[in-house]
Amino acid sequence: MKTQIDVNLTGRSYPIRIGEGLLTELPALMQSLSLGGRLMAVTNRVVAGLHGGLLSETLRSAGLELDLIVIPDGEGTKSLATAGKLYESLARRHAERGTPLLAFGGGVIGDLTGFVAATYQRGVPFVQVPTTLLAQVDSSIGGKVAVNVGKLKNMAGVFYQPRLVAADTRLLQTLPLAEIQNGLAEVIKCAVIKDPELFAYLEHNIPEVLAKNIGTLTHIAGRAARVKAAVVERDEHDYGERQILNFGHTLGHAIEAVSNFRVKHGTAVALGMAAAAKVANRIGLLAEPHVIRITSLIAAAGLPVTMPVKQPEALIAAMLHDKKISNGKLKFVLPDGIGSTVIRDDIDPRMAVEALSA
Numbered sequence: 001m002k003t004q005i006d007v008n009l010t011g012r013s014y015p016i017r018i019g020e021g022l023l024t025e026l027p028a029l030m031q032s033l034s035l036g037g038r039l040m041a042v043t044n045r046v047v048a049g050l051h052g053g054l055l056s057e058t059l060r061s062a063g064l065e066l067d068l069i070v071i072p073d074g075e076g077t078k079s080l081a082t083a084g085k086l087y088e089s090l091a092r093r094h095a096e097r098g099t100p101l102l103a104f105g106g107g108v109i110g111d112l113t114g115f116v117a118a119t120y121q122r123g124v125p126f127v128q129v130p131t132t133l134l135a136q137v138d139s140s141i142g143g144k145v146a147v148n149v150g151k152l153k154n155m156a157g158v159f160y161q162p163r164l165v166a167a168d169t170r171l172l173q174t175l176p177l178a179e180i181q182n183g184l185a186e187v188i189k190c191a192v193i194k195d196p197e198l199f200a201y202l203e204h205n206i207p208e209v210l211a212k213n214i215g216t217l218t219h220i221a222g223r224a225a226r227v228k229a230a231v232v233e234r235d236e237h238d239y240g241e242r243q244i245l246n247f248g249h250t251l252g253h254a255i256e257a258v259s260n261f262r263v264k265h266g267t268a269v270a271l272g273m274a275a276a277a278k279v280a281n282r283i284g285l286l287a288e289p290h291v292i293r294i295t296s297l298i299a300a301a302g303l304p305v306t307m308p309v310k311q312p313e314a315l316i317a318a319m320l321h322d323k324k325i326s327n328g329k330l331k332f333v334l335p336d337g338i339g340s341t342v343i344r345d346d347i348d349p350r351m352a353v354e355a356l357s358a
């Protein structure tokens with residue numbers, strides 16, 4: 001089973017392909033977009049050890065030349081300092097403005113590589129080959145690329161759409177359970193904001209997802225990616241509807257920052273979504289049965305729905321650095337049903353922090 005999605009943006013449209021064994025189709029997909037010849041790919045040590053050989057062999061057997069640049073793993077590498085090292089590495093390898101740059105890894109690799117692709121020689125072709133569930137359903141789609149600045153998540157970034165997203169769901173079977181759960185948070189997010197059928201499917205099939213059943217993973221990845229792609233088409237630059245994709249993220253990013261990024265993104269988003277559901281219920285937006293369904297699904301995925309709050313003021317301060325603040329007001333995405341949300345700028349951030357431990 002393969003999913004084909006076309007993101008239609010004036011002058012910047014691109015295909016998303018999701019399916020088992022898709023890596024073997026990468027050369028043909030790239031050549032169909034006139035992306036051939038010499039390629040550069042950025043990955044981390046873990047992905048290079050697991051899949052680097054397959055990527056290299058697949059491309060080289062099709063007559064494509066590949067330079068694989070391997071960097072350390074972890075959120076700490078998503079920085080201006082690492083970007084600077086990549087610029088130097090590309091220059092040493094004589095990468096030109098027409099040299100495609102592939103992101104071969106998870107969200108950190110995709111965000112960092114996309115930022116470098118957007119800014120090296122004022123922009124080179126960029127291809128996303130995501131290897132984690134989170135990257136396949138979320139961070140590889142939509143063109144948001146960025147690096148962190150200190151504790152400020154994604155503070156330096158641009159919109160730079162890839163030329164292609166090629167997601168091989170077979171690669172997900174090598175992920176540890178914690179990484180499947182990390183990505184599941186973003187799948188649940190897509191279900192809550194726009195896809196009640198996906199939500200119901202997850203309620204009945206979470207055990208299969210956690211067991212890394214390839215058919216189930218391919219199905220949910222395709223559904224979630226389709227939700228995000230449709231929203232991006234309608235609001236590429238995050239001025240309106242796209243903000244609903246931040247469900248769980250206003251508080252989630254603050255949790256990540258206060259923990260010095262020791263808390264995984266999916267864990268933080270899960271906590272943010274659960275808190276948002278409780279806040280929505282408290283102000284009369286969301287009925288109690290829906291709160292129970294949302295928090296129960298998050299818990300069934302093995303993700304937390306509460307946490308002790310030891311630094312409430314630090315969380316509030318971190319939220320006040322959120323990029324979506326407008327006129328000094330924080331924007332919270334709150335569910336008013338399964339598959340429906342509203343954006344509110346009148347929520348006291350203390351209420352959201354208090355909901356973390358409720």
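For the sequence shown, position 240 matches number 240 in UniProt numbering, and the numbering has no gaps at all. For every residue, glycine included, the Cβ atom is placed at its ideal position computed from N, Cα and C. These figures come from a predicted structure and were not determined experimentally.
Put simply, the stretch 334–343 does not touch the stretch 171–180. Fewer than three CB pairs are less than 8 angstroms apart. Between residue 318 and residue 254 a beta carbon distance of about 4 angstroms is seen, short of the 8 angstroms cut, so the two are scored as contacting. Looking at the DSSP output, residue 340 shares a beta bridge with 337. If you draw a 10 Å sphere on the C-beta of residue 4, you find fewer than 16 other C-beta atoms in it, and that means exposed. Counting C-beta pairs closer than 8 angstroms gives three or more between the stretch 184–204 and the stretch 288–305, which meets the contact rule.
The beta-carbon separation of residue 312 and residue 276, rounded to 17 angstroms, does not stay under the 8 angstroms limit for a contact. Residue 205 carries a helical assignment under DSSP once its states are collapsed to helix, strand and coil.
Uninterrupted beta strand (DSSP E) stretches at least 3 residues long and entirely within the stretch 197–285 do not occur. Relative to residue 172, the option among 83, 263, 50 whose CA is nearest is 50. For residue 148, no alpha helix (DSSP H) run applies; the uninterrupted beta strand (DSSP E) run containing it begins and ends at 144–149, by DSSP.
Annotation: residue 27 to residue 65 spans about 11 angstroms, alpha carbon to alpha carbon. Counted as a single uninterrupted DSSP element, the beta strand (DSSP E) harbouring residue 153 occupies residues 152–159.
Closest by C-alpha distance to residue 35, out of 127, 226, 249, 241, is 127.
Comparing C-alpha distances from residue 292 to each of 115, 329, 338 shows the shortest one belongs to 338. Here DSSP, grouped into helix, strand and coil, assigns residue 65 to strand. Between residue 188 and residue 295, the alpha-carbon positions lie close to 10 angstroms from each other.
In this structure, the straight-line span from the alpha carbon of residue 183 to that of residue 40 is close to 26 angstroms. Look at residue 4 here: in three-state DSSP terms it is strand.
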